[in-house]
Amino acid sequence: MLAHETLAQLRTQFDFQPVGQPVGNLTLGKGTLRGQPLHMALVENRNASGALGAKESDRLASLFKVIAAKQAPLVMYLDSAGAKVSEGLPALGAFRHMYRAALAMAESGAPTAVFCGANCYGGASMLASLAGTRYYSRNTRLAMSGPAILAQTAGVSVLDEMFQAVSLASIGADARIKLPGNLAVSPSAMSEELPRAATSGARHAELGARLAQIGNGAGNAAPEKIERKDLDKLYPQGYTLHEQQGVLRGEAVVEGSTVAVVGLIGGKLLGAARAWTLADLVWARRASPPRTLHLLIDCESHATTLDDERVMLSAYLANLSCA
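When the letters of the sequence shown are read in order and numbered with this note's numbering, they come out as residues 14 to 336.
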């Protein structure tokens with residue numbers, strides 16, 4: 014089933030009824046599945062590759078807050094390139110506010126399902142990664158970076174036939190449905206199966222196991238004690254910090270009190286392995302959280318390699334966001 018067919022089926026099978034007028038690429042509404050009411054949000058590629066601007070993000074944030082409070086089921090359709098960068102900082106700020114509401118919704122235990130359209134990139138892919146289940150159409154591609162950026166990183170033309178084949182094999186539907194929590198669109202997904210809730214602990218453990226299977230981890234090198242002039246200025250009362258492949262951990266003294274410190278240093282792009290390692294440091298403190306936690310971020314952006322996309326980098330960044 015192609016993406017446009019999936020959207021048509023969603024409207025029919027869930028008896029979609031719009032609530033209010035569409036805003037940009039977003040239409041909110043309600044539906045039913047086996048007599049149970051559902052919230053629905055459809056993000057279509059009507060303009061700017063389905064990007065989410067300030068107005069769309071504000072609407073979604075309000076919806077997510079309602080769902081978190083009621084723990085009501087949600088079905089989304091996402092055919093989007095992520096935040097609408099052409100609107101500048103207001104759109105990016107609104108997207109951040111919306112994503113924070115999405116994190117709270119995911120942590121609330123509300124059952125969610127995302128049906129991915131033809132393209133699901135950037136922030137939209139991170140939003141999809143918070144769902145209990147993701148469904149893929151035959152022509153879906155999901156990644157943090159689109160093919161043009163991945164090709165640029167690989168040093169080839171996006172029109173190169175070999176690259177196109179490798180790219181599709183990495184971020185296309187056939188590759189994604191091999192990973193847990195990712196399924197192909199089927200008639201049963203629209204007539205029998207209810208959305209499911211995702212738990213942070215289970216997601217984090219599965220992502221760690223995925224890295225272990227391919228032998229890709231940030232914990233291979235031994236931690237090294239680190240001393241730097243910028244850290245000396247930041248923590249003049251002293252610190253004990255160790256770095257392991259760009260991931261920072263340890264303690265520092267601030268106004269006479271000890272604070273926990275974790276983070277990213279070195280300016281390296283954030284790949285799946287380092288994102289998981291940093292999330293693991295935070296999750297490990299959840300049973301006995303420190304009174305104060307300093308999160309230091311020296312990182313230009315997310316990684317833009319096919320290797321990171323093969324393990325679904327978006328899921329690792331979403332997991333880090335949850336942490």
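From the three backbone atoms N, C-alpha and C, an ideal C-beta is built for every residue, glycine too.
Euclidean distance between Cα positions of residue i and residue j
i, j, result
"G235", "D320", "Note on residue identity: the sequence assigns Ala, not Gly, to residue 235. The alpha-carbon atoms of A235 and D320 are separated by roughly 23 Å."
"I162", "A94", "13 Å"
"Q84", "L330", "24 Å"
"L116", "D173", "38 Å"
"G228", "Q30", "47 Å"
"G42", "V36", "12 Å"
"L306", "L261", "13 Å"
"A215", "D293", "12 Å"
"D71", "A107", "6 Å"
"A164", "S170", "6 Å"
"A144", "T317", "23 Å"
"V88", "E205", "13 Å"
"M118", "T146", "14 Å"
"T125", "Y252", "42 Å"
"A197", "G63", "22 Å"
"I184", "A178", "10 Å"
"A16", "A186", "11 Å"
"V98", "R113", "18 Å"
"I190", "L244", "44 Å"
"M175", "N60", "30 Å"
"A188", "S199", "17 Å"
"A141", "Y148", "10 Å"
"C129", "L20", "9 Å"
"T40", "L224", "37 Å"
"A81", "E120", "8 Å"
"A218", "L155", "22 Å"
"K68", "G33", "14 Å"
"R209", "T271", "40 Å"
"L220", "L308", "22 Å"
Residue closest to residue i, alpha-carbon to alpha-carbon, out of the options
i, options, result
"G269", "G279, E256, Q250 and L254", "Q250"
"A285", "A300, L87 and S314", "S314"
"Q49", "M118, P160 and F27", "F27"
"Q226", "T318, E264 and R323", "R323"
"S158", "Y134, G145, P208 and G37", "Y134"
"N58", "N132, A74 and R47", "N132"
"V274", "K281, R304, Q258 and S99", "R304"
"E240", "L308, A119, E264 and S204", "E264"
"L283", "S327, L87 and K97", "S327"
"D92", "S121, E120, S138 and A82", "S138"
"A288", "V179, R299, P208 and M325", "M325"
"V266", "Y248, P193 and A74", "Y248"
"T212", "G44, E256 and A123", "A123"
"G280", "T271, Q258 and R299", "Q258"
"L291", "A300, C335 and V272", "C335"
"M14", "L192, P208, T153 and Q177", "T153"
"C312", "G276, V295 and A300", "G276"
"S201", "K78, L46 and L73", "L46"
Range covered by the beta strand (DSSP E) that runs through residue i
i, result
"A265", "V260 to V267"
"S9", "Because the chain in this structure spans residues 14 to 336, residue 9 falls outside the shown range and cannot be described."
"V272", "S270 to G280"
"L172", "Taken as a continuous stretch (DSSP letters only), L172 belongs to no beta strand (DSSP E), as it is neither H nor E."
"R154", "R154 to A156"
"G42", "L39 to L46"
"R8", "What the structure shows of the chain is the stretch from 14 to 336, and residue 8 is not part of that stretch, so it cannot be assessed."
The alpha helix (DSSP H) enclosing residue i, as first and last residue numbers
i, result
"M139", "G135 to A141"
"M53", "Not the alpha helix (DSSP H): M53 falls in the beta strand (DSSP E), residues Q49 to V56."
"V98", "Segment: none, V98 is in no alpha helix (DSSP H) and carries neither H nor E."
"L294", "A285 to A297"
"L23", "A16 to Q26"
"P160", "P160 to A167"
Cβ-based burial, residue i [other Cβ within 10 Å; buried from 16]
i, result
"P302", "exposed"
"A297", "exposed"
"L254", "buried"
"I310", "exposed"
"N38", "buried"
"A222", "exposed"
"N195", "buried"
"K246", "exposed"
"K238", "exposed"
"E18", "exposed"
"N332", "buried"
"G203", "Checking the sequence shown, residue 203 turns out to be Met, not Gly. So M203 counts as buried."
"V127", "buried"
"P160", "buried"
"S75", "exposed"
"T25", "exposed"
"A300", "exposed"
"G66", "buried"
"V56", "buried"
Cβ-heavy atom distance, residue i to the ligand NAD, below 8 Å
i, result
"A273", "Annotation note on the ligand NAD: not contained in the displayed structure, which lists no ligands."
*At which residue ranges does the region 300 to 327 contain complete beta strand (DSSP E) runs of 3 or more residues, listed in the order of the chain?*
306 to 312
*Scan the region 226 to 252 and note each continuous beta strand (DSSP E) run of 3 residues or more that stays entirely inside, going in chain order.*
237 to 239
*Ignoring anything shorter than 4 residues or poking outside the region 179 to 224, list the alpha helix (DSSP H) runs there in chain order.*
Correct list: 186 to 189.
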